[in-house]
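Asker:
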Amino acid sequence: MGDGKVRSRLRVLAVLMVIMFSALTVRLWFLQVLATDFYRNEASQNSIRLVQEPAPRGEILDRDGEKVVQSRTTFEITVDRQKMAVECPENAPQLDHDPPLPCYGESRDELARLLGIDNEKMDALINDVRYYPFAPVPVAFDVSEDLISAIEEHDRLFTGVSWLKAPFREYPFIPAGPDGPIGAHLLGHIGPLSPDQIDDPAYENYDPNDIVGKDGMELVYESDLRGLKGVRQLRINAQGKVINVVAASEEPPIAGDDVVLTIDGAIQQAAEQRLADGIARVGGVAGAAVVYDVETGGIVAMASTPSFDPVIFDDGLSLREAGQLEQTGAFLPREGQGPNGTDLPPRKDCKECRALNRVTTGEYSPGSTIKPIVALAALKERIADMSTRIDCPATWSAPRDETTSFDNSDDQAHGLLSLSDALVISCDTVFYQLGYEFYRKEVSYPKDGGIEYGPSAFKRDLEDFGFGDYTGVDLPTGAAGLVPDSKWKKETWEPRVLAKAERLKSPAKQEAYVRDRFCQYEWCPGDSIQMAIGQKDLRITPLQLARAYGAIATDGKLCTPHLAAKIQAPDGSVVRDVTPECAQIEGYDQEWFKYVRGALAGVTQDNSGTADTAFAGFNFRDVSVIGKTGTAQVALQNKDNAWFAAIAEGEDADGKQQHYVVVVFIEQGGFGGDAAAPVARQIIEEAFGLKTQDAYQGEASD
Amino acid sequence: MLSPDRQPVRHIDPVLLTVTGLLSMVGLLMVYSATQRTLTNLGLDPAFYLKRQITWVLLGGVLLLLASTFDYRFVKVYAPIFYGVTIFFLLLVRTPLGTDVKGSQRWFEILGFQFAPAEVMKLALIAMLAYYLSELRHQELTLQDVLRATGLAAFPMLLVFLQPDLGTSMVLGAVLVGMLVVAGARPRYLAVLALTTIVLALAALQLGVIKEYQVKRLTSFIDPANDADGAGYNKIQSEIAIGAGGLDGRGYLKGTQTNLDFVPEQHTDFVFTVVGEEFGFFGTMLLLSLFSILLWRALRISALSKDPFGTYLAAGIASMFAFQIFVNIGMTVGIMPVTGIPLPFVSYGGTSTVINYAAVGLLLNVHMRRFK
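Same order as they appear, the protein sequences are chains D and P.
Numbering-wise (the numbering used here), the first sequence opens with residue 1 and increments by one.
Numbering-wise (the numbering used here), the second sequence opens with residue 703 and increments by one.
1) Just the C-alpha distance for P/M881 and P/G1018, rounded to the nearest angstrom, thanks.
2) Runs of 4 residues minimum, wholly inside the region 260 to 300 of chain D: which ones carry the alpha helix (DSSP H) assignment?
3) Express the C-alpha separation of P/T1034 and P/K937 in angstroms, rounding to a whole number.
4) When DSSP builds the beta bridges, which residues end up paired with P/G1012?
5) Kindly say whether P/G1075, judged by its beta-carbon, lies nearer than 9 angstroms to any beta-carbon of chain D.
6) Determine whether the beta carbon atoms of D/T78 and D/L164 lie at a separation below 9 angstroms.
7) Do you know how far the Cα of D/E42 is from the Cα of D/V18?
8) Does DSSP put D/M302 in a helix, in a strand, or in coil?
9) How many whole angstroms separate the CB atoms of D/S418 and D/T369, which I take to be in contact at a CB cut-off of 8 angstroms?
10) List in chain order: all unbroken alpha helix (DSSP H) runs of 4+ residues lying wholly within the region 613 to 689 of chain D.
11) Pick out the complete alpha helix (DSSP H) segments inside the region 464 to 546 of chain D, 4 residues or longer, and give them in chain order.
12) Taking only three categories from DSSP, how would you classify D/D428?
13) Rounded to the nearest angstrom, what separates D/R63 and D/I540 at their Cα positions?
14) At a cut-off of 8 angstroms, would you count D/P542 as near the ligand FMN, judging by its Cβ distance to the nearest heavy atom?
15) So the candidates are P/L1006, P/M872 and P/R850; which of them puts its Cα closest to the Cα of P/M859?
16) Going by DSSP, what residues sit across from D/L61 in a beta bridge?
17) What does P/L1083 reach in chain D if we use C-beta pairs closer than 8 angstroms?
18) At the 9 angstroms Cβ level, is P/V883 part of the contact set with chain D, yes or no?
19) How is P/L657 classed by DSSP in three states: helix, strand or coil?
20) Compare the C-alpha of P/E842 against each of D/V596, D/R9 and D/R517 and name the closest.
21) Could you tell me whether the Cβ atoms of D/F644 and D/L538 are closer together than 9 angstroms?
22) Have a look at the DSSP bridge pairing and note the partners of D/D407.
23) Please state whether DSSP places D/Y549 in a helix, a strand or coil.
24) In three-state terms, what does DSSP make of P/R796?
25) May I ask you to report which of helix, strand or coil DSSP gives D/D224?
26) Starting from P/G978, find everything on chain D with Cβ-Cβ shorter than 9 angstroms and list it in chain order.
27) With three or more beta-carbon pairs closer than 8 angstroms as the criterion, would you say the region 393 to 401 of chain D touches the region 499 to 512 of chain D?
28) Strictly under 9 angstroms for the Cβ-Cβ distance: is D/M17 near chain P by that measure?
29) Run through DSSP, which three-state label would D/K447 get?
30) Would the beta-carbon of P/S940 fall within 9 angstroms of that of P/F974?
31) Taking 9 angstroms as the CB-CB limit, is P/L990 close to chain D?
32) Quick one: grab the DSSP three-state call for P/G978.
33) Below 8 angstroms on the Cβ atoms is my contact criterion, and I expect D/A583 with D/D461 to pass it. Report the Cβ-Cβ distance as a whole number of Å.
34) Pick helix, strand or coil for D/G415, following the three-state DSSP scheme.
35) Which one or two residues does DSSP pair with D/A85 in a beta bridge?
36) Does DSSP classify P/T844 as helix, strand or coil?
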């Protein structure tokens, strides 16, 4: 081993070292000489953190200014995963995850002990995948100030734990309704953004962990209630400790605006209570009640039973749980639960869903409550006039079709009746004949054979009163209902009939099968006849009915129902008014409306009226109440659906002149006059400050 | 056992001694700067770490004196025992006697000071390899020799790796390669060695010996933003601190990144960021120059040595320093992966500091006794 060789090998080593040092020099030259401006900027940004301060969410007030939903700023505990994490012990199960989950040490244990939950649950909360890895993860909502100061005082124990202020909702209207606070369906609730909303462009200005309105007023008026977050620039160190606030850049949060409702808290409360009691009394399944201001379209009360409790977020943690339930769909429909907790078989159409607002989304056959509108349509189409007298037999069959007979619901004949008399006693056979006349007006027999029906004046007349279309109410959900016609019938039923026919072997048999079932898919007299008494395919929502009765009350003024009266700033100044949107229904004489209202007065006041018993002893001197009962048969349902629609006018307890429509609907409640009318009476009495009668116990017929 | 031989002292390397002293000064200044603000904020003595580091430096000084006083050829005699005892301690640290810190067992805790056998292993391996290579009688290194040398290094590397201390394990590998180069291993043997390492690393990954997060930590330097709060966080923060230093730095104790604690592990593995931020490009170049002089003297001593053992010893020490300097600074400027390798003489640290001074002592020893 010669010296020369060693020297040359050492030179190799030296060259390697020179290369290494050159690389470092070049890199340092780049960082410190060429790119220093960039890094100086980064460095100054590094210590400045933008901190968002949530804006107080607007509140929801009733029409008298009483708070129905109240905002409260609460404390929320958050965890910085990176700071709380400790190095995992060897063989920790977390490391088998891909990617490995962080391990949390004493700080986690302390926090779990403070919140009174076990470590496993704590870990699950902290590792919630819905939050970015570096974002603080909220682990406890609406915690007491004591807890916050406990964390502040022992901040060495709580590494990576911090807190922030968050808006929280309270429903101060006490006492609450039977299933929770009042107005659950219309007020809605708030919750974290759902994954769908995060992707929704409408929510692009939101942060993924923002709390937003999820339903009802909270959702519809989200942009008013929300306010604007404040931003503060804080100089902080790497531990997140605030060194000082950069005052120049401070933007305080702007509180959200308040929503003032057309709802009257007291009437709402009465409606919910009376409806629930009324359903229980007749053993009904569910129900709806609405009090509607005929002059403005404002909804004064809106009750749907069964209801639910939007304050399920009371233990702080369950806000998150509610969000998760909501995502899986488990939160909203509480299937299989009837009123009073009775078990019902699960149903796919969600009839027993608590969150379903039956006032706007329940679609039902109106039964006889449609008759006043049918009478008005008959007057308009010159099928009858105010002096026409029509026979009211016990049973009636369409000419040339003796095989199908339509019975009066009381199976009795009442002789010749005017339209008004027919409304008072709710004679079905009179309205069958009107329905048949509508059919005759609209059917034609083309020369090449066959039958053509339509365009239907009957359908158009019902649509003029707002049926078959959304009401435009300011709620996120609603149903259009259905006013059927020949086109709808054919599209809906012909494919089913043909499909069944195809199972038969010979074409002749198939043809015969389809021919025999002509009236299953084509518009036949029976369709118009049934529609005239609000049965078969006609579907309406309780709110549509209230709106149409509002038109009857106001000589044809059809208004768009709404729940918000105005938006106002926290200082009480009006941001914007929700102006009533009303339109006159064309083609009707004022006289006709007056005539029909006269008939409806008979319903509640004449001895023969179907709601006479329900309104026995009512104070008609101070408040005029007119109305119509309805009893709708539903296939496969052992009890009928009960309806009552009333128009009430008079001075309320404050001496203010009020003009309301009150619609009460009870699913499987039986007779409308027996089940629904007494509830309507109680609601009216409470709304006008009259002495309330005890629940009516008698019998009545439709 | 040492006969007082006053002659060699006159042949001490003053340059190496001066450079070591200057580096120690830099280290103390930087450790103080990196820690004083945090300590003050916590209500503690701002000089706490400085005082501890001074203790380590003084202890290192004693070891430097010891390592240079006796004839280094004694090291050759005792090299196998030194090597064996250190391996014994490496095994012992895995038992409950070792201190479990953040899931890894690396230290013995003695009187409040930590003693890490892995650091000692660096010197023990250098001595052992120097002993083994200098005992070879043939002209050129055979494949068998290379494999044996590799075997000597591989066992402690494995033990250190399992602690887990990937950084120190890599330093041991660098020492092996550096010494094999000086011993004249053929390039293709070294190539085979490199290839085997790659295959073993892949196998380890496949069998799950290396965890996914370890790979992530090693690869995050390529795109640190990809993992900005995880393994990439250190990297980004340290680059910002160094880059923000600019040409002439922000001044001693005036680095904002340093004061606000944005750079983690700043007094230990990331101490270079303090130099970068507070003294700028001039400061980092000055420090690199000091390191260059250190390495130059080490290689010079290797060349001047009167026997192969001294040559290998000095070459091993030079390789150790060079690799640590490069990987440490490289990781702070973002061109090397983040591994826990301290910067010699500057990083705060116990055993590693003391070992550095002992290594300089050995270099001085070889230099003093370079005449036959």
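Where a beta carbon is used, it is the ideal one built from N, C-alpha and C, also for glycine.
Answerer: According to the data block:
1) On the second sequence, position 179 is the one that residue 881 of chain P refers to. On the second sequence, position 316 is the one that residue 1018 of chain P refers to. Going by the C-alpha atoms only, they are around 5 angstroms apart.
2) You should have 265 to 282.
3) Here residue 937 of chain P is taken as the residue at index 235 of the second sequence, counted from 1. Here residue 1034 of chain P is taken as the residue at index 332 of the second sequence, counted from 1. Distance between the alpha carbons of P/K937 and P/T1034 is about 6 angstroms.
4) Indexing the second sequence from 1 puts residue 1012 of chain P at position 310. Bridge partners of P/G1012: none, in fact.
5) Shown here, chain P extends from 703 to 1074; a query on residue 1075 of chain P therefore has no answer.
6) Your numbering for residue 78 of chain D matches position 78 in the first sequence. Your numbering for residue 164 of chain D matches position 164 in the first sequence. Between D/T78 and D/L164, the C-beta spacing is below 9 angstroms.
7) Position 18 of the first sequence, counting from 1, holds the residue named residue 18 of chain D. Position 42 of the first sequence, counting from 1, holds the residue named residue 42 of chain D. If you draw a straight line from the Cα of D/V18 to the Cα of D/E42, it comes to about 31 angstroms.
8) Here residue 302 of chain D refers to the residue found at position 302 when the first sequence is read from its first residue. Reduced to three states, the DSSP call for D/M302 is strand.
9) Against the first sequence, residue 418 of chain D aligns to sequence position 418. Against the first sequence, residue 369 of chain D aligns to sequence position 369. With 8 angstroms as the limit, D/S418 and D/T369 do not qualify as a contact, their Cβ atoms being about 20 angstroms apart.
10) The qualifying runs are 677 to 687.
11) The qualifying runs are 486 to 501, 507 to 516, 518 to 521 and 525 to 531.
12) If you number the first sequence from 1, residue 428 of chain D lands on position 428. It is helical.
13) Your numbering for residue 63 of chain D matches position 63 in the first sequence. Your numbering for residue 540 of chain D matches position 540 in the first sequence. If you take the alpha carbons of D/R63 and D/I540, they lie about 28 angstroms apart.
14) Absence of the ligand FMN from the depicted structure is noted, as is the absence of any ligand whatsoever, leaving it without description.
15) To locate residue 859 of chain P, count along the second sequence from 1; it is residue 157. The residue with the shortest Cα to Cα distance from P/M859 is P/M872.
16) Within the first sequence, the letter at position 61 stands for residue 61 of chain D. DSSP output for D/L61 lists D/K67 and D/V260 as bridge partner(s).
17) No answer is possible for residue 1083 of chain P: it lies beyond the span of chain P, which begins at 703 and ends at 1074.
18) Looking up residue 883 of chain P in the second sequence gives position 181. Chain D, which has a Cβ nearer than 9 angstroms to the Cβ of P/V883, makes this yes.
19) In the structure as shown, chain P starts at 703 and stops at 1074, and residue 657 of chain P therefore has no counterpart that could be examined.
20) Locating residue 842 of chain P in the second sequence gives position 140, counting from the first residue. Considering only alpha carbons, the answer is D/R9.
21) For the purposes of this step, residue 644 of chain D is taken as the residue at position 644 of the first sequence. For the purposes of this step, residue 538 of chain D is taken as the residue at position 538 of the first sequence. No, the pair does not count as a contact, with Cβ atoms beyond the cut-off.
22) Within the first sequence, numbered from 1, the residue matching residue 407 of chain D stands at position 407. D/D407 pairs with D/T395.
23) Locating residue 549 of chain D in the first sequence gives position 549, counting from the first residue. DSSP places D/Y549 in helix when its eight states are reduced to three.
24) The count along the second sequence starts at 1 and reaches residue 796 of chain P at position 94. If DSSP states are grouped into helix, strand and coil, P/R796 belongs with coil.
25) Numbered from its first residue, the first sequence carries residue 224 of chain D at position 224. In the structure shown, D/D224 sits in a helix (DSSP, three-state: H, G or I).
26) In the second sequence, counting from the first residue as 1, residue 978 of chain P sits at position 276. Correct list: L28, L31 and Q32.
27) Between the region 393 to 401 of chain D and the region 499 to 512 of chain D, the count of C-beta pairs closer than 8 angstroms stays below three; the two stretches do not touch.
28) Position 17 of the first sequence holds residue 17 of chain D. Closer than 9 angstroms: yes.
29) Here residue 447 of chain D corresponds to residue number 447 of the first sequence, with the count starting at 1. Note: D/K447 maps to coil in three-state DSSP.
30) Looking up residue 940 of chain P in the second sequence gives position 238. Looking up residue 974 of chain P in the second sequence gives position 272. In contact: P/S940 and P/F974 (Cβ atoms closer than 9 angstroms).
31) Here residue 990 of chain P corresponds to residue number 288 of the second sequence, with the count starting at 1. It does: the Cβ of P/L990 has a partner Cβ on chain D nearer than 9 angstroms.
32) Looking up residue 978 of chain P in the second sequence gives position 276. It is helical.
33) In the first sequence, the residue the question calls residue 583 of chain D occupies position 583. In the first sequence, the residue the question calls residue 461 of chain D occupies position 461. About 15 angstroms separates the beta carbon of D/A583 from that of D/D461, a gap too long to meet the 8 angstroms contact definition.
34) For the purposes of this step, residue 415 of chain D is taken as the residue at position 415 of the first sequence. Reduced to three states, the DSSP call for D/G415 is strand.
35) Indexing the first sequence from 1 puts residue 85 of chain D at position 85. BP columns for D/A85 point to D/Y104.
36) Residue mapping note: residue 844 of chain P aligns to position 142 of the second sequence, counting from 1. Note: P/T844 maps to coil in three-state DSSP.
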